[in-house]
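J.: My questions all concern the structure below.
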Amino acid sequence: PVLVAFPVLFVALSISVTKFWLALAAILFVQQVEVNFLVPYILGKEMRLNPVLILFFTVAMGWLFGLAGAILALPAAALTKIVIEEFYLRPREVDYAPLERDADRIVRTESAHDTLPL
839 PVLVAFPVLF VALSISVTKF WLALAAILFV QQVEVNFLVP YILGKEMRLN PVLILFFTVA
899 MGWLFGLAGA ILALPAAALT KIVIEEFYLR PREVDYAPLE RDADRIVRTE SAHDTLPL
């Protein structure tokens, strides 16, 4: 993305310095919108992660580990989500089928005893 900006900036500079600064500002604005909003939204949608979580992981990993951390932030976020779902949330799931069978049996038994002859 940065290499594509060079020809645009050279053409703008050949026209005038004002055009150069306007082109540079436009390129930087588009890049910031893409990197900070569009990419987290699309990646979050594809990986089923919240875009704010992706942005948080990118900033935190970049702050902790520099460029390598920022590059590895999305895989780390996905891995963290998988670990939490598999080892924390899934063991808490309750199988309701045996409970429903017992409840149906109790209801049938109680309803059979509750019938009064008229």
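Residues 839 to 956 (this note's numbering) make up the sequence shown, in order.
For every residue, glycine included, the Cβ atom is placed at its ideal position computed from N, Cα and C.
Tell me the DSSP secondary structure of residue 854 in three-state form.
T.: One-based indexing of the sequence shown puts residue 854 at position 16. For residue 854, the three-state secondary structure derived from DSSP is coil.
J.: Where does residue 912 fall in DSSP's three states?
T.: Along the sequence shown, one-based indexing puts residue 912 at 74. In this structure, residue 912 counts as helix in the three-state DSSP scheme.
J.: Does residue 890 come out as helix, strand or coil in the three-state DSSP assignment?
T.: Position 52 of the sequence shown, counting from 1, holds the residue named residue 890. Residue state, collapsed to three classes: helix.
J.: So, is the C-beta of residue 884 closer than 7 Å to a C-beta in chain C?
T.: Among the chains of the structure shown, chain C does not appear; only one protein chain is present.
J.: State the DSSP-derived secondary structure class of residue 934, mapped to helix, strand or coil.
T.: Position 96 of the sequence shown, counting from 1, holds the residue named residue 934. It is coil, neither helix nor strand.
J.: Kindly indicate which residue of 890, 937, 859 has the alpha-carbon position closest to the one of residue 873.
T.: Counted from its first residue, the sequence shown places residue 873 at position 35. Measuring from the Cα of residue 873, the nearest candidate turns out to be 890.
J.: Within 10 angstroms of the Cβ of residue 863, are there 16 or more other Cβ atoms? Answer buried if so, exposed if not.
T.: Taking the first residue of the sequence shown as 1, we reach residue 863 at position 25. When all chains shown are included, residue 863 counts as exposed.
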